[in-house]
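Asker:
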Amino acid sequence: MDKNFTEVVQSTFAEPLAAATPEVDGAMPWGQETYSTKRHGFSINNCESEPIRTPGCIQAHGALLVLRCSDLSVLQASENTLAILGHKPLDLLGHSVAAVVNEEGAIRLRSMLATEQTDRNPIYAFTLPANDEVAALDVTLHTIDGAAILEFEAAVRSQRAAGTMPHSLSQNANPDYYSFIKKSVTRIQTADTVQEFCQALAEEVRVLSSLDRVMIYKFHPDNHGEVVAESRLSHLVPWVGLHYPAADIPKSARDIFAKTWIRPVPDMHCELAEMIPRANPDTGQPIDMIHCALRGVSAMYTEYSKNMGVAASLTMSLRRESVLWGLIICHRYSGPSHVPYELRAACEFLAQVASLQYRAVEDRENATYRLRLEEVNQKLLSIAAQEGGLASMTDGEPSLLSAMHASGAALFHRDRWWRVGSTPTESQLEALGQWVVGRLDVGAIVSSVYVTHSLATDYPAGAEFADVASGVLAAPLSRSGQNLMMWFRPEVEKTVNWGGNPHDDTPAADPGDTLVRPRHSFEPFSESVFRHATPWLEVEIDAVSRLRALIMELVIVRAERLAGLNADLARSNEELDAFAYVASHDLKEPLRGISKYAHQLMEAGSPDEDDKRKLEGLLRLTLRMDSLLDSLLHFSRVGREELTLENVDMNDVLGDAMEMIGSRTSDGRTQIVAPRRLPPAMCDRVRVREVLVNLLSNAVKYNDKADKRVEVNYVGAHEASLRRTFPPGSEGQTVYYVRDNGIGIASRHFEQVFKMFKRLHGREEFGGGTGAGLTIVRKLVERHRGQVWIDSIAGEGSTFFFTTSRSDET
Ligand code: ADP
1 MDKNFTEVVQ STFAEPLAAA TPEVDGAMPW GQETYSTKRH GFSINNCESE PIRTPGCIQA
61 HGALLVLRCS DLSVLQASEN TLAILGHKPL DLLGHSVAAV VNEEGAIRLR SMLATEQTDR
121 NPIYAFTLPA NDEVAALDVT LHTIDGAAIL EFEAAVRSQR AAGTMPHSLS QNANPDYYSF
181 IKKSVTRIQT ADTVQEFCQA LAEEVRVLSS LDRVMIYKFH PDNHGEVVAE SRLSHLVPWV
241 GLHYPAADIP KSARDIFAKT WIRPVPDMHC ELAEMIPRAN PDTGQPIDMI HCALRGVSAM
301 YTEYSKNMGV AASLTMSLRR ESVLWGLIIC HRYSGPSHVP YELRAACEFL AQVASLQYRA
361 VEDRENATYR LRLEEVNQKL LSIAAQEGGL ASMTDGEPSL LSAMHASGAA LFHRDRWWRV
421 GSTPTESQLE ALGQWVVGRL DVGAIVSSVY VTHSLATDYP AGAEFADVAS GVLAAPLSRS
481 GQNLMMWFRP EVEKTVNWGG NPHDDTPAAD PGDTLVRPRH SFEPFSESVF RHATPWLEVE
541 IDAVSRLRAL IMELVIVRAE RLAGLNADLA RSNEELDAFA YVASHDLKEP LRGISKYAHQ
601 LMEAGSPDED DKRKLEGLLR LTLRMDSLLD SLLHFSRVGR EELTLENVDM NDVLGDAMEM
661 IGSRTSDGRT QIVAPRRLPP AMCDRVRVRE VLVNLLSNAV KYNDKADKRV EVNYVGAHEA
721 SLRRTFPPGS EGQTVYYVRD NGIGIASRHF EQVFKMFKRL HGREEFGGGT GAGLTIVRKL
781 VERHRGQVWI DSIAGEGSTF FFTTSRSDET
């Protein structure tokens with residue numbers, strides 16, 4: 001024997017051997033030594049903290065050896081090896097496993113370790129034949145964290161021959177699991193609905209296992225469970241439809257079920273056998289028994305099950321795309337039920353097939369609905385693409401409500417809510433929208449949706465409109481989360497039947513006992529549930545996720561197209577600016593010549609009145625052309641000169657602008673007012689002053705009222721109700737405006753007035769002008785990436801709006 005090994009073992013199990021008595025030493029602070037469910041099971045005070053993967057002991061109906069992979073020597077043995085294997089644990093430790101499985105067995109194990117996928121995957125190795133002392137044993141092997149684990153359990157055939165097996169299949173000495181499974185798989189594969197599927201699964205597993213009750217137990221989003229289907233002996237009380245609190249299957253247990261397929265507990269009253277030594281001497285760590293069929297049962301679980309009258313259980317996982325969604329829970333009430341390896345393998349296989357099939361059945365059940373959702377979504381998208389706006393999804397046919405089983409939908413887009421059907425009010429939507437976006441993971445905002453069928457639980461303010469929106473399905477449409485789609489479902493009356501009062505805190509076993517004890521009472525308990533809507537289906541969540549992805553794609557394609565157009569536009573603008581500069585500059589020269597000669601002819605004395613008039617006309621035209629060329633030159637300069645951006649106090653700028661147009665307002669009939677202080681802007685002070693000078697002078701100029709009134713004001717980023725008609729790109733921006741009570745502009749001219757040299761009046765009317773002012777205003781604003789637009793009623797007045805920057809497209 002390896003010397004080191006002996007020392008380690010002796011020091012490690014000196015205490016465990018002495019303490020290898022069945023009674024539980026509740027006072028032991030197990031934090032200071034290797035945990036064992038057998039001795040510390042009830043010394044915990046929080047069942048989440050029970051180390052159920054490393055219980056330090058096994059169910060004593062079998063035996064377990066931990067081997068070192070390199071030489072197959074025994075590192076740990078369960079304390080019951082004498083009874084099961086015919087060898088005392090101490091006689092095995094440090095020796096080759098051949099002492100138990102013979103040379104032949106050891107060779108087989110070595111070859112399995114070399115050639116088979118044994119890591120975290122128990123595989124049947126061989127059956128040890130019975131001898132005078134011990135019964136025949138099935139041996140399974142798997143490896144974990146570098147150690148090999150051998151599990152020994154009573155062999156199927158000998159058990160069956162003894163007639164102790166309750167299984168219907170075990171009547172036959174060689175049960176044909178293959179044909180049985182084939183038939184079961186066909187049955188569950190052809191189920192048309194999830195309910196049919198679960199029922200078929202429960203029935204097939206019961207026939208296979210011959211246990212008393214088989215339940216399909218589904219986890220709800222809050223992890224509480226519900227029995228959705230069952231197959232049971234006819235005299236048993238039905239449990240289908242009953243709900244169980246999340247704590248009944250704690251997170252630590254659910255985590256194990258998410259990684260393993262089957263959990264047999266053949267005898268709830270079976271003793272536990274501790275590992276000797278309790279830690280692996282090679283690593284100093286307790287062995288991870290997550291994949292061991294013999295893993296010692298949690299003290300909580302055995303007590304809970306006994307309270308429920310369960311004598312034996314077998315549990316399998318049900319997953320949907322690798323996420324645990326439920327369990328197949330099988331019970332026997334009348335006594336222990338050993339489930340041999342082969343039968344376990346068959347049950348495990350059935351659970352795996354059911355997990356793979358689940359998604360397909362769900363799809364089949366909802367195929368028509370899915371198709372309808374898909375079809376409507378495609379239509380919505382093509383309308384949005386053609387009409388150029390998402391708002392079309394809420395007004396018109398189809399809408400966001402056409403296919404989805406919801407009572408209302410709302411869309412936040414272009415700074416306002418668009419609603420269809422029955423929805424919370426705008427202010428409720430506003431607050432809810434902000435809360436939803438805050439709740440979504442900002443990093444993953446484009447892939448996340450918020451789904452609830454009980455909004456008030458997550459969002460207490462939702463209680464106020466539970467009748468309209470207890471169910472909410474929300475998907476953001478932009479990275480910032482500013483744009484959002486939501487669907488709503490109203491509250492529905494519902495009663496939940498619990499298997500025991502979920503609000504009852506378990507009475508402690510003895511007064512003053514602070515330790516957790518599983519509950520005793522499973523008496524049916526009915527509870528009315530308020531502020532709950534019909535839950536959203538997976539198919540609906542999928543459809544929303546897809547619609548969102550398509551919309552975002554559309555927006556991105558648009559943004560790219562827009563970026564391309566912008567680049568083209570910028571290029572042609574530069575060319576135009578250069579052309580305007582050259583043309584106006586070069587034309588000035590000959591114009592000066594024409595003007596000079598006309599003057600000389602005038603001064604030389606004109607032969608007749610007619611020629612004199614013509615010369616005067618020529619001079620007037622040269623003057624006009626000169627001012628047109630000046631405007632053109634100025635326009636091209638605006639396009640080429642760099643901006644100096646700074647944080648500008650717009651009130652100062654307004655003051656300067658008013659001073660500059662002073663003479664035009666000094667008639668005593670003109671009043672320019674700024675009712676509130678303007679917020680600052682990041683802009684070029686001089687250029688924005690020029691914008692204001694142009695707008696203010698037009699407001700005064702194109703005004704025929706006796707009292708001319710001009711207002712300079714703004715609409716704040718959050719004054720949503722005032723922003724309805726504002727163009728895209730102005731979202732979140734301060735919008736400044738100049739409003740007059742002048743002659744107004746007919747809406748058909750809104751675009752024209754921004755064109756170069758375009759005037760709506762005769763040359764001399766309203767004080768004349770070149771028609772370049774608004775073109776330059778637009779150019780100045782656009783150089784800031786802002787926008788300028790008009791709202792006006794002919795005869796009543798005009799409002800010119802502008803921004804000094806632009807929000808990013810969604
Ligand atoms: P100009 O004032 O030199 O004609 P603008 O480019 O500033 O050139 O204006 C173009 C035209 O738009 C004006 O000729 C006028 O018809 C119209 N316009 C501009 N501002 C106003 C206003 N505040 N109210 C009514 N019409 C206006």
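Each residue of the sequence shown is one higher than the one before, starting from 1 at the first, in UniProt numbering. All residues carry an ideal CB built from backbone N, CA and C; glycine is no exception. Small disclaimer: the values here were computed from a predicted structure and weren't measured.
#1: Any idea what DSSP makes of Leu141, helix, strand or coil?
#2: Whose C-alpha, out of Pro245, Pro129, Arg53, is nearest the C-alpha of Phe525?
#3: Comparing C-alpha positions only, which one of Met756, Ala598, Gly593 sits nearest to Phe635?
#4: With hydrogens ignored, establish whether the beta-carbon of Tyr736 is closer than 8 Å to any heavy atom of the ligand ADP.
#5: Cβ-heavy atom distance between Phe579 and the ligand ADP below 8 Å?
#6: In whole angstroms, give me the CA-to-CA distance for Val97 and Glu271.
#7: Does the beta carbon of Ile383 fall short of 8 Å from some heavy atom of the ligand ADP?
#8: List, from N- to C-terminal side, the beta strand (DSSP E) runs of 3 residues or more that fit wholly inside the stretch 418–503.
#9: With DSSP as the reference, label residue 822 as helix, strand or coil.
#10: What whole-angstrom Cβ distance do Asp176 and Thr143 have, given they're in contact under 8 Å?
#11: If I measure Cβ to Cβ from Arg187 and keep anything under 8 Å in the same chain, skipping five residues before and after, which residues do I get?
#12: State the start and end residues of the unbroken beta strand (DSSP E) segment that holds Lys306.
#13: Taking just the CA atoms, how far does Asn377 sit from Ala403?
#14: Pop quiz: Pro476 and Val437 are said to be a contact at Cβ under 8 Å. What is the actual Cβ separation, rounded to whole angstroms?
#15: Can you tell me whether DSSP reads His338 as helix, strand or coil?
#16: What does the alpha-carbon distance come out to for the pair Ser454 and Val555?
#17: Less than 9 Å between the C-beta atoms of Asn366 and Val139, yes or no?
#18: Please work out which residues of its chain come closer than 6 Å, Cβ to Cβ, to Phe257, disregarding the five sequence neighbours upstream and downstream, and give them in chain order.
#19: Does the beta-carbon of Gly769, which I'm using as the reference point, lie nearer than 8 Å to any heavy atom of the ligand ADP?
#20: Provide the residue(s) that pair with Trp789 in DSSP beta bridges, ordered along the chain.
#21: Which residue wins for smallest C-alpha separation from Trp435, given the options Arg206, Gln482, Ala533?
#22: Reducing DSSP to helix, strand and coil, say where Tyr737 ends up.
#23: Name the residue from Ile793, Glu796, Gly797, Lys779 whose alpha carbon lies nearest to the alpha carbon of Thr803.
#24: Under a three-way DSSP split, which group does Leu601 fall into?
#25: Tell me whether the beta-carbon of Met275 lies closer than 9 Å to the beta-carbon of Cys57.
#26: Examine the ligand ADP and report whether any of its heavy atoms sits within less than 8 Å of the Cβ of Ile551.
#27: Compute the Euclidean distance between the alpha carbons of Cys198 and Ile551, then round it to the nearest angstrom.
#28: Can you give the Cα-Cα distance for Ala99 and His87, rounded to whole angstroms?
#29: According to DSSP, is Arg558 helix, strand or coil?
#30: In the DSSP assignment, find the beta strand (DSSP E) that holds Ala99 and state where it starts and stops.
#31: Which of the three DSSP states is assigned to Lys259 in this structure?
#32: List the residues that DSSP assigns as beta-bridge partners of residue 826.
#33: When you compare the stretch 715–722 with the stretch 787–800, are there three or more beta-carbon pairs, one atom per stretch, that lie closer than 8 Å?
#34: Considering only heavy atoms of the ligand ADP, does any lie closer than 8 Å to the CB of Ile743?
#35: Looking at Phe800 and the ligand ADP, is the gap between the Cβ and the nearest heavy atom below 8 Å?
#36: For Asn102, is the classification buried or exposed, using 16 other Cβ atoms within 10 angstroms of its Cβ as the cut-off for buried?
Answerer: Let's see:
#1: strand
#2: Pro245
#3: Met756
#4: no
#5: no
#6: 25 Å
#7: no
#8: 450–452, 471–476, 484–489, 494–499
#9: No information on residue 822 is available, as it lies outside the stretch 1 to 810 that the chain covers here.
#10: Not really, about 31 Å apart at Cβ, beyond 8 Å.
#11: Ala200, Glu204
#12: Looking at the DSSP string, Lys306 is not in any beta strand (DSSP E); the run it does join, the alpha helix (DSSP H), is 299–307.
#13: 8 Å
#14: 6 Å
#15: coil
#16: 32 Å
#17: no
#18: Ser317, Leu324
#19: yes
#20: Phe801
#21: Gln482
#22: strand
#23: Lys779
#24: helix
#25: yes
#26: no
#27: 36 Å
#28: 9 Å
#29: helix
#30: Ala99 -> not in any beta strand (DSSP E); alpha helix (DSSP H) instead, spanning 98–115.
#31: coil
#32: Because the chain here runs from 1 to 810, residue 826 falls outside it and cannot be looked at.
#33: no
#34: yes
#35: yes
#36: exposed
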